[in-house]
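*Asks:* Respectively, the protein sequence lines represent chains F and P.
Its first residue numbered 1, the first sequence is counted upward by one per residue in full-length UniProt numbering.
Its first residue numbered 1, the second sequence is counted upward by one per residue in full-length UniProt numbering.
Heads up, the beta-carbon is just placed ideally off N, CA and C, and yes, glycines get one too.
Dropping a structure here in structure tokens format, bear with me for questions.
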Amino acid sequence: MKRQSFFLARGRFWVGMLPWAWMLLFFALPFALILKVSLSTPELAIPPYVPPFVMEPGAVLPHLRPDLASYRRLHDELLALGTSGADLQYLSAWGNSLLLAALTTLLCLLIGYPFAYHIARSREAARNTLLMLVMLPFWTSFLLRVYAWMVLLDSSELGLVNRLLLAAGLVDAPLQLLYNAGAVLVGMVYSYLPFMVLPLYANLVKLDQRLLEAAADLGARPWTTFLRVTLPLSRRGIVAGSMLVFIPAVGEFVIPDLLGGGDVLMIGRKIWDDFGPNQDWPMAAAVAVTMVLVLIAPIVLLHRHGRNAEEEQ
Amino acid sequence: MSARSRPGATAWLLAVYVFLYVPILCLIVFSFTAGEITTQFDGFSLRWYAELARDAELIDAVLLSLRVGALAATAAVVVGTAAAFVLARFGRYPGSAAFAGMTTAPMVMPEVVIGLSLVLLFTHPLFAFLGGRGVAAIWAAHTTLCTAYVTVLVQSRLREMDRSLEEAALDLGCPPFKVFFVITVPVIAPALMAGWLLAFTLSMDDFVLAAMLSDPGSTTLPVLVFARLHHGLKPEINALATVIVAVVSLAVVVANRAMLSAQRTRAAALRHAAGISPGSVSAVTLSHPDMRR
Numbered sequence: 001m002k003r004q005s006f007f008l009a010r011g012r013f014w015v016g017m018l019p020w021a022w023m024l025l026f027f028a029l030p031f032a033l034i035l036k037v038s039l040s041t042p043e044l045a046i047p048p049y050v051p052p053f054v055m056e057p058g059a060v061l062p063h064l065r066p067d068l069a070s071y072r073r074l075h076d077e078l079l080a081l082g083t084s085g086a087d088l089q090y091l092s093a094w095g096n097s098l099l100l101a102a103l104t105t106l107l108c109l110l111i112g113y114p115f116a117y118h119i120a121r122s123r124e125a126a127r128n129t130l131l132m133l134v135m136l137p138f139w140t141s142f143l144l145r146v147y148a149w150m151v152l153l154d155s156s157e158l159g160l161v162n163r164l165l166l167a168a169g170l171v172d173a174p175l176q177l178l179y180n181a182g183a184v185l186v187g188m189v190y191s192y193l194p195f196m197v198l199p200l201y202a203n204l205v206k207l208d209q210r211l212l213e214a215a216a217d218l219g220a221r222p223w224t225t226f227l228r229v230t231l232p233l234s235r236r237g238i239v240a241g242s243m244l245v246f247i248p249a250v251g252e253f254v255i256p257d258l259l260g261g262g263d264v265l266m267i268g269r270k271i272w273d274d275f276g277p278n279q280d281w282p283m284a285a286a287v288a289v290t291m292v293l294v295l296i297a298p299i300v301l302l303h304r305h306g307r308n309a310e311e312e313q
Numbered sequence: 001m002s003a004r005s006r007p008g009a010t011a012w013l014l015a016v017y018v019f020l021y022v023p024i025l026c027l028i029v030f031s032f033t034a035g036e037i038t039t040q041f042d043g044f045s046l047r048w049y050a051e052l053a054r055d056a057e058l059i060d061a062v063l064l065s066l067r068v069g070a071l072a073a074t075a076a077v078v079v080g081t082a083a084a085f086v087l088a089r090f091g092r093y094p095g096s097a098a099f100a101g102m103t104t105a106p107m108v109m110p111e112v113v114i115g116l117s118l119v120l121l122f123t124h125p126l127f128a129f130l131g132g133r134g135v136a137a138i139w140a141a142h143t144t145l146c147t148a149y150v151t152v153l154v155q156s157r158l159r160e161m162d163r164s165l166e167e168a169a170l171d172l173g174c175p176p177f178k179v180f181f182v183i184t185v186p187v188i189a190p191a192l193m194a195g196w197l198l199a200f201t202l203s204m205d206d207f208v209l210a211a212m213l214s215d216p217g218s219t220t221l222p223v224l225v226f227a228r229l230h231h232g233l234k235p236e237i238n239a240l241a242t243v244i245v246a247v248v249s250l251a252v253v254v255a256n257r258a259m260l261s262a263q264r265t266r267a268a269a270l271r272h273a274a275g276i277s278p279g280s281v282s283a284v285t286l287s288h289p290d291m292r293r
């Protein structure tokens with residue numbers, strides 16, 4: 001018995017070692033590096049920054065010289081808010097991102113809730129197929145699904161939606177459908193809808209039918225039952241789905257790049273541009289730090305909901 | 001809900017499915033055009049499929065993506081299973097909360113942030129031994145991302161599994177590592193399979209991490225497709241999309257069938273077991289030859 005527990009203890013150590021080491025090296029350490037680089041000075045070098053501390057020969061402690069210029073830039077934009085003619089590219093990108101992510105979440109909820117509700121209420125044999133049909137587009141390439149909207153919304157008279165509108169006589173000239181915030185919104189709702197539907201479905205399918213029958217027996221109208229029984233009971237699904245849509249939508253890069261053109265600057269794209277063409281890694285890192293700070297609240301909310309749901313079961 | 005609202009329900013379901021599938025159907029239809037334009041059907045032809053088959057750059061990218069996907073999925077299953085064990089079985093210890101946060105955070109962090117953080121690691125002079133940007137960096141990034149998903153899947157399976165089987169084996173003197181491979185792995189096998197497949201598709205589909213960590217010699221399929229989308233639309237991309245949709249649909253249908261039949265065999269085996277011998281002994285003898293198939 002003693003021998004066995006010795007092996008267990010040693011085994012536990014090695015089993016724990018692998019994921020701990022992996023996560024420290026490829027997750028925790030890179031995040032520390034983001035913090036460090038956000039305090040660095042950009043420079044034409046490889047890598048393109050001067051670190052915020054240097055080890056001088058013979059010194060015990062590193063010599064600190066943090067450069068707060070990247071954060072000051074963001075701070076200055078906050079102060080300049082409301083002044084006319086001020087250059088607010090980061091702030092407006094943040095505004096666009098939060099607004100578009102919030103609208104995406106709202107639209108996904110409005111489309112996805114009745115959808116998930118009716119799947120959960122359909123015949124048991126059909127549910128599996130209906131869910132699989134939601135997942136199927138999700139398994140195919142994300143980029144190609146966005147590409148499909150580039151084809152549909154094409155702004156020339158050859159675009160599919162434009163051709164429909166022209167043929168129906170609803171418009172005289174092709175509309176500018178692509179490369180604006182509306183196109184980005186459509187693309188995001190399309191891409192993130194499954195993230196909303198799945199947690200909502202998982203929640204709604206467990207709903208106790210007897211509660212609804214009891215409400216009906218006591219004379220509640222269907223809408224009253226929905227508002228006072230179903231909706232409060234599905235709160236967890238709503239929160240989980242909304243966070244699963246909102247969090248990635250804030251940092252989205254691909255959809256605004258392909259469907260938004262140059263006009264719809266979102267904060268994920270600012271990071272990308274500062275990292276790529278602008279070669280300003282400290283700025284990209286500082287924006288990434290603010291993004292993590294902004295998203296911490298929704299992430300904690302999602303995490304806590306997940307844990308409560310686990311404990312309930 | 002009453003029967004009155006049924007037509008409304010069907011209409012809503014139908015409308016959303018139309019929204020989900022019309023863009024994909026358009027891609028498929030226009031992949032068979034003979035012309036150069038992605039939105040105009042100039043007669044049926046397989047021309048773009050022929051172009052696809054001749055496109056060496058694209059085929060290389062597909063092969064690289066398949067390789068990275070398989071390697072990342074396999075690594076993610078190994079790291080993720082170990083992480084799930086730590087989370088499900090080790091209880092509380094100093095740092096356990098930090099570990100739980102760390103393993104699942106990649107799932108909810110925006111990809112741009114994860115990508116940037118990993119670029120900083122791979123370009124850091126102190127970590128030059130990791131080899132810098134390239135295929136290995138993409139593999140490590142995908143493994144980190146996919147590990148989070150595998151951990152969640154395997155962890156929930158570990159929590160719901162019956163520990164008495166493992167305890168019985170340990171009491172009978174079976175060494176722990178053997179218990180793991182002979183009893184635990186067969187029981188959690190469905191979660192391992194699902195985790196591998198999910199990780200594989202996530203890796204195949206990832207653009208942001210791969211693009212940030214790629215060097216000129218490591219163009220995965222999404223990186224190549226993204227670059228081409230910026231150069232203008234061609235029906236060849238439609239043909240590629242059609243092939244992907246066909247392969248994925250086939251895989252999903254087959255996997256679904258296989259899962260259903262496995263469930264049926266398992267149910268039959270349990271019924272059979274309940275018929276001959278009661279109690280947990282039958283579960284030990286029957287649950288794992290069945291799972292091992």
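Measure the C-alpha to C-alpha separation of residue 198 (chain P) and residue 200 (chain F) and round it to an integer number of angstroms.
*Replies:* If you take the alpha carbons of residue 198 (chain P) and residue 200 (chain F), they lie about 20 Å apart.
*Asks:* Any Cβ of chain F within less than 9 Å of the Cβ of residue 117 (chain P)?
*Replies:* Taking Cβ atoms only, chain F reaches closer than 9 Å to residue 117 (chain P), which makes this a yes.
*Asks:* At the level of alpha carbons, what is the spacing between residue 34 (chain P) and residue 268 (chain P)?
*Replies:* So the two alpha carbons sit approximately 53 Å from each other.
*Asks:* Pop quiz: residue 287 (chain F) and residue 90 (chain F) are said to be a contact at Cβ under 8 Å. What is the actual Cβ separation, rounded to whole angstroms?
*Replies:* The Cβ separation is near 7 Å, so the contact holds.
*Asks:* Report back the beta-carbon spacing between residue 104 (chain F) and residue 189 (chain F) to the nearest angstrom; my notes put them in contact at under 8 Å.
*Replies:* The Cβ separation is near 6 Å, so the contact holds.
*Asks:* Grab the span of the alpha helix (DSSP H) containing residue 330 (chain P) for me, first residue to last.
*Replies:* Any property of residue 330 (chain P) remains undetermined from this structure, which presents chain P solely from 1 to 293.
*Asks:* From what residue to what residue does the alpha helix (DSSP H) around residue 306 (chain P) run?
*Replies:* No statement about residue 306 (chain P) is possible, as the shown extent of chain P runs from 1 to 293 and does not include it.
*Asks:* What residue does the alpha helix (DSSP H) around residue 36 (chain F) start on, and which one ends it?
*Replies:* Residues 29 to 38.
*Asks:* What is the DSSP secondary structure of residue 83 (chain F), counted as helix, strand or coil?
*Replies:* Here residue 83 (chain F) sits in coil by DSSP.
*Asks:* Out of curiosity, what's the CA-to-CA distance linking residue 37 (chain P) and residue 258 (chain F)?
*Replies:* Those two C-alpha atoms are separated by around 18 Å.
*Asks:* So, does the CB of residue 12 (chain P) fall closer than 9 Å to a CB anywhere in chain F?
*Replies:* Interface residue, yes.
*Asks:* Along chain F, in chain order, which residues have C-beta atoms closer than 7 Å to that of residue 83 (chain P)?
*Replies:* Within 7 Å Cβ-Cβ: 19.
*Asks:* Please identify, using Cβ separations under 7 Å, the residues of the segment 238 to 249 of chain F that lie next to chain P, in order along the chain.
*Replies:* Listed by position, the residues of the segment 238 to 249 of chain F near chain P (Cβ gap below 7 Å) are 247 and 248.
*Asks:* At the 9 Å Cβ level, is residue 2 (chain F) part of the contact set with chain P, yes or no?
*Replies:* Model confidence at residue 2 (chain F) stands at a pLDDT of 47, short of 50, so the residue's coordinates are unreliable; what they give is reported in the following sentence. No - not a single Cβ of chain P is within 9 Å of the one on residue 2 (chain F).
*Asks:* With which residues is residue 292 (chain F) paired in a DSSP beta bridge?
*Replies:* According to DSSP, residue 292 (chain F) bridges with nothing at all.
*Asks:* Could you tell me which chain P residues have their CB closer than 9 Å to the CB of residue 154 (chain F), listed as they occur along the chain?
*Replies:* Near residue 154 (chain F) (Cβ distances below 9 Å), the residues of chain P are 38, 39 and 233.
*Asks:* Within 10 angstroms of its Cβ, does residue 260 (chain P) collect 16 or more other Cβ (buried), or is it exposed?
*Replies:* It is exposed - the Cβ of residue 260 (chain P) has fewer than 16 other Cβ atoms within 10 Å.
*Asks:* Going by DSSP, what residues sit across from residue 42 (chain F) in a beta bridge?
*Replies:* Looking at the DSSP assignment, residue 42 (chain F) forms a beta bridge with F:49.
*Asks:* Taking the alpha carbon of residue 142 (chain F) as the point to measure from, which residue in F:152, F:182 and F:192 has its own alpha carbon closest?
*Replies:* Selected option, being the one with the closest Cα: F:192.
*Asks:* Determine the DSSP secondary structure at residue 25 (chain P), reduced to helix, strand or coil.
*Replies:* It is helical.
*Asks:* List the residues of chain F that residue 17 (chain P) touches, going by C-beta distances under 7 Å, in chain order.
*Replies:* Those are 133, listed as they occur along chain F.
*Asks:* Would you call the segment 273 to 283 of chain F in contact with the segment 236 to 245 of chain F, where contact means no fewer than 3 C-beta pairs closer than 8 Å?
*Replies:* Taking 8 Å as the limit for Cβ pairs, the verdict is that the segment 236 to 245 of chain F does not touch the segment 273 to 283 of chain F.
*Asks:* Using only the alpha-carbon positions, how far apart do residue 87 (chain F) and residue 11 (chain P) sit?
*Replies:* Straight-line Cα distance between these residues: approximately 48 Å.
*Asks:* Since I believe residue 66 (chain P) is in contact with residue 58 (chain P) (beta carbons under 8 Å), could you give me their beta-carbon distance rounded to a whole number of angstroms?
*Replies:* The Cβ separation is near 13 Å, so there is no contact.
*Asks:* Where does residue 230 (chain F) fall in DSSP's three states?
*Replies:* The answer is helix: DSSP assigns residue 230 (chain F) an H, G or I state.
*Asks:* Would residue 7 (chain P) be called buried (16 or more neighbouring beta carbons within 10 Å of its own) or exposed?
*Replies:* The residue in question, residue 7 (chain P), is exposed, as its Cβ has fewer than 16 Cβ neighbours within 10 Å.
*Asks:* Determine the direct distance from the alpha carbon of residue 237 (chain F) to that of residue 207 (chain P), and round the result to whole angstroms.
*Replies:* Whole-angstrom Cα-Cα distance: 29 Å.
*Asks:* Between the beta-carbon of residue 27 (chain P) and the beta-carbon of residue 151 (chain F), is there less than 9 Å?
*Replies:* Yes, Cβ-Cβ distance for residue 27 (chain P) and residue 151 (chain F) is below 9 Å.
*Asks:* Per DSSP, what kind of secondary structure is residue 298 (chain F) in: helix, strand or coil?
*Replies:* If DSSP states are grouped into helix, strand and coil, residue 298 (chain F) belongs with the helices.
*Asks:* Helix or strand or just coil, what does DSSP make of residue 63 (chain F)?
*Replies:* Strand, per DSSP.
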